[in-house]
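Asks: Here it is: the structure, laid out below.
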Amino acid sequence: MDIQTDFLKEQFNELQARQPASLLHSIRQQGFSEFTKLGLPTLRNEDWKYTGISSLFNRPYSLPDGLCEVDKSLIEKAAIKGMDKANQLVFINGRFNREASNIVSPEDELEVCSLEEASTGKYHNLVEEHFDKSSMFIKDGIHALNTSLMDGSVFIIVKKNADLKQPIYLNHIFNATENHLLASPRSLIIIEEGARVQIAESYFTEGAMDSFSNEVIELVAKENSYVEVYKIQNDGVNANHAGTTHIRQVGTCYVHSVVISMNGGMIRNNTDIIMETAANEAHMYGLYFLNGHTHVDNHTLVDNTKPNCFSNELYKGIIDDFATGVFSGKIYVRPDAQKINAYQSNKNILLSDGGTINTKPQLEIYADDVKCSHGCTVGRLDEEALYYLRARGIDKSLAQAMLLKAFAEEIVMQIKIEPLKDYVQQLIAKRLGIEE
Amino acid sequence: MLSIKNIHASIEEKQILKGLNLDIKPGEVHAIMGPNGSGKSTLASVLAGREDYEVSEGSIDFLGKNMLELSPEERAKEGLFLAFQYPVEIPGVSTTNFIKAALNEKRKYHGLEPLDAVSFLKLLKEKASLVEIDKSLLSRSLNEGFSGGEKKRNEIFQMAVLEPRLAILDETDSGLDIDALRIVAKGVNQLRTPDRSIIVITHYQRLLNYLKPDFVHVLMNGKIVKSGGRELALELESKGYDFIKEELKETVIA
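Protein sequences, first through last, are from chains W and U. Heads up: the first sequence begins at 0 in numbering that gives the first Met the number 0, then just goes up one per residue. Heads up: the second sequence begins at 0 in numbering that gives the first Met the number 0, then just goes up one per residue.
Here is the structure:
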């Protein structure tokens, strides 16, 4: 298998030539030297042991150039129904498209602009202070590649004490009608003190060629803020994805994260929560319900650096056909982080002989007064429950569907944006062949 | 209604039922008693169609059909109901949705339209009062966190909704205090009709005080060894099973 990366260097050089001598220029430069040093991760890299991401580079990609064409009907087609009232941020081929976007919240609550604009204007200091801090935690070529190729990145700031009535919805659209596409969406989101916000993302690939979205979101949540983050993946099997949602709790605040993966090609999701101050709280949920040859790898990190933090994590998987589910959950408890409560659970149901599940909890605890627990299960459907339903006259196939729906529902009910929840419930019902 | 002939059944190659015969006519209530390990629950499982059990010999005719050829769900739809000794907890499936699915599957099987929402809720309300089951339980996950008594009442509630031709109560009295027992028994008695038969599997005669069976059978070592009227249950209660063992020995000697 031939790995092709020359075109990446060309693209990088072109971007650098276009934006000389700026903050983003130097960060991109650092990213590229990291990428050159680390290369693409292989299966020998412990964090990529089960996900052969480098195999996605055995084909030539075209990269987004100039202003990408926007087709209004395509944006509507890509958007999840019922999310039309949201603050919709449209990304075409990984680049934020302001004209196609629709910000409905008032400017004293929410501001959205290009990262370039933010870094040269009044938000320069915020960008300098917070941008690309994730690269200190994630040392791998895929993350560095995003930094190398970032272009059309977005800066989002939710203002102090703002209580956003409408969610922020990132609608990612990839055009792979003619060529394989590599896109590198990048966002910096600042949630100021006391602000409350819901953020959701979805992905849509148009066309039958391959798309590969290599995404990084950095989110900074300040004192007393409340943040919900949702990632909904139901793209085509030709859509591959590596994404990092890197959340820093820089003040005592509350984070609620849900990652739903229903369909796609090869998918890697990193969800990192860095608790930089004491008494932080985070809840992380995930559901991967896969069939065909879809491969979904969820890596999570909860880094407790200060005392009295609480985290609870529940990821559930249903694997059918030849699909693969990977879960790796890291919990760090640093020496200063006493009185930590950190819980983690990963439960899987394997429906087929051809499916694969890899699950790996990793706890590294350097403090002595902590409560941590983790558990993982891989099993078939509960035979006792199945028999009970059948003994009441419910056909085996419907009984199985009811039990799987119930299994998934525990995660789905954590989605607190109604249209998103409805959408996911419909996807699940359709997958199970039951009426909603 | 039900005709069991010479049934031999085993689980994991262990022979449990060794030539069991039983005939039940419409409207009859039969009690099956017997010591631990005699095969009472195996009989319930074999009738309900649990796939872990293998029937190697014999036949079961249920309403003119060869029951052994039917899946558990087909038997249920034909009118069989098993009240479980240990009702299963199913998180995420509400009792209401579960019973609705079961009822509509059965209606579909018999060529009937699914019940509309209004009629269904009316039916639920009516049947819930029969076993004095709290309506809030019905919207909760099936049996999850229910007390022992609530689980058993939920079984009888399901029986009331599904209106079976033949109900098997597998140690429905176990784990019930005297008040819960009375409520369950009252519910069952109200469900007695001339064309509905009931098999009561129990260790104790206290449930039989309320249910007043037409026949009592003693199951031992995989066979029915003695049958009689209600007085047999009282005799067992006072003498234990030993007197039957003695009787059996005498028969063999004679």
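Ideal placement from N, C-alpha and C gives every residue a C-beta, glycine not left out.
Does W:A384 get closer than 8 angstroms to chain U when you measure Cβ to Cβ?
Replies: So yes, W:A384 belongs to the interface.
Asks: Would you call the stretch 98-114 of chain U and the stretch 415-431 of chain W touching, i.e. three or more CB-CB distances under 8 angstroms?
Replies: Taking 8 angstroms as the limit for Cβ pairs, the verdict is that the stretch 415-431 of chain W does not touch the stretch 98-114 of chain U.
Asks: Can you tell me which of the three DSSP states U:L62 falls into?
Replies: Residue state, collapsed to three classes: coil.
Asks: Throw me the rounded Cβ distance for the W:Q291 and W:V369 pair, which I believe falls under 8 angstroms.
Replies: It should be pointed out that residue 291 of chain W corresponds to Gly in this sequence rather than to Gln. Contact doesn't hold; Cβ gap of about 41 angstroms is too wide.
Asks: Write down the C-beta distance between W:K159 and W:E200 rounded to the nearest angstrom, noting that I regard them as a contact closer than 8 angstroms.
Replies: About 24 angstroms; that fails the 8 angstroms criterion.
Asks: To test your reading of the DSSP string, which unbroken beta strand (DSSP E) runs of 3 or more residues are found completely within the stretch 128-182 of chain W?
Replies: Runs found: 153-157, 167-174, 180-182.
Asks: Under 8 angstroms, Cβ to Cβ, is there at least one residue of chain W near U:I89?
Replies: Output row for U:I89: interface = yes.
Asks: Quick one: grab the DSSP three-state call for U:Y85.
Replies: U:Y85: coil per DSSP, three-state reduction.
Asks: Does the stretch 382-402 of chain W come close enough to the stretch 424-434 of chain W that 3 or more CB-CB pairs lie under 8 angstroms?
Replies: Cβ pair count under 8 angstroms is three or more, so yes.
Asks: Could you tell me whether the Cβ of U:L42 comes closer than 8 angstroms to any Cβ of chain W?
Replies: Not an interface residue.
Asks: In this structure, does DSSP put W:I246 in helix, strand or coil?
Replies: W:I246: strand per DSSP, three-state reduction.
Asks: Under 7 angstroms between beta-carbons, which chain U residues line up against W:I393? List them in chain order, please.
Replies: Result: E72, A100, A101, E104.
Asks: For a contact meaning CB atoms closer than 9 angstroms, what does W:L380 contact in chain U?
Replies: Per Cβ cutoff of 9 angstroms: no residues; W:L380 is ~11 angstroms from chain U at best.
Asks: Restricting to runs no shorter than 4 residues, where is the alpha helix (DSSP H) found entirely within the stretch 110-149 of chain U?
Replies: Counting only runs of 4 or more, we get 116-129, 134-138.
Asks: Using a Cβ-Cβ cut-off of 8 angstroms, state whether U:Q157 counts as contacting chain W.
Replies: Output row for U:Q157: interface = yes.
Asks: Please compile the residues from chain U whose C-beta is within a distance smaller than 8 angstroms of the C-beta of W:E408.
Replies: Here the neighbours are G91.
Asks: Could you name the residues of the stretch 410-432 of chain W whose beta carbon sits closer than 7 angstroms to any beta carbon of chain U, in the order they occur along the chain?
Replies: Those would be none; no residue qualifies.
Asks: If we cut at 8 angstroms on Cβ distances, does U:L81 have a partner in chain W?
Replies: True, the Cβ-Cβ gap to chain W drops below 8 angstroms.
Asks: For the alpha helix (DSSP H) containing W:L23, list its first residue and its last residue.
Replies: First-last of the alpha helix (DSSP H) with W:L23: 22-37.
Asks: Please list, in chain order, the chain U residues whose beta carbon lies closer than 8 angstroms to that of W:L397.
Replies: Ordered by position in chain U, the residues that pass the 8 angstroms Cβ test against W:L397 are A100, E104.
Asks: Between the alpha carbons of W:L426 and W:Q15, how many angstroms are there, rounded?
Replies: Distance between the alpha carbons of W:L426 and W:Q15 is about 42 angstroms.
Asks: Can you tell me whether U:F156 is buried or exposed, with buried defined as 16 or more other CB within 10 angstroms of its CB?
Replies: By the 10 Å Cβ count, U:F156 comes out buried.
Asks: Return the bridge partner residues of W:M283 from the DSSP annotation.
Replies: Beta-bridge pairing links W:M283 to W:S256, W:E312.
Asks: Rounded to the nearest angstrom, what separates W:D296 and W:A238 at their Cα positions?
Replies: Using only the alpha carbons, I get a separation of about 14 angstroms.
Asks: Are at least three pairs of beta-carbons, each pair with one atom in the stretch 180-191 of chain W and one in the stretch 87-102 of chain W, less than 8 angstroms apart?
Replies: Segments in contact, yes.
Asks: Please classify U:P71: does DSSP put it in a helix, a strand, or coil?
Replies: Residue state, collapsed to three classes: helix.
Asks: Could you tell me which whole alpha helix (DSSP H) segments of length 4 or greater appear in the stretch 149-203 of chain U?
Replies: Entirely contained in the stretch 149-203 of chain U, the alpha helix (DSSP H) runs reaching 4 residues are, in chain order, 177-189.
Asks: Taking C-beta pairs closer than 7 angstroms, name the residues in chain W that U:R49 reaches, listed in chain order.
Replies: Result: Y386.
Asks: Does W:M401 have its Cβ less than 8 angstroms from a Cβ in chain U?
Replies: True, the Cβ-Cβ gap to chain U drops below 8 angstroms.
Asks: Which residue or residues does DSSP assign as beta-bridge partners of U:H29?
Replies: Answer is U:I198, U:F214, bridged to U:H29.
Asks: What three-state label does DSSP hand W:Y60 in the structure shown?
Replies: Coil at W:Y60, not helix or strand.
Asks: Nearest CA to the CA of W:I190: which residue from W:S310, W:D162, W:A366?
Replies: Answer by Cα proximity: W:D162.
Asks: DSSP state of W:E408, grouped into three classes?
Replies: Three-state result, W:E408: helix.
Asks: Taking only the alpha-carbon atoms, compute the straight-line gap between W:L313 and W:R58 and give it to the nearest angstrom.
Replies: Between W:L313 and W:R58, the C-alpha separation is close to 36 angstroms.
Asks: The alpha helix (DSSP H) that contains W:Q18, what's its start and end?
Replies: No alpha helix (DSSP H) contains W:Q18, which DSSP labels as neither H nor E.
Asks: Mind checking whether W:G316 and W:G328 have CB atoms under 8 angstroms apart?
Replies: No, the pair does not count as a contact, with Cβ atoms beyond the cut-off.
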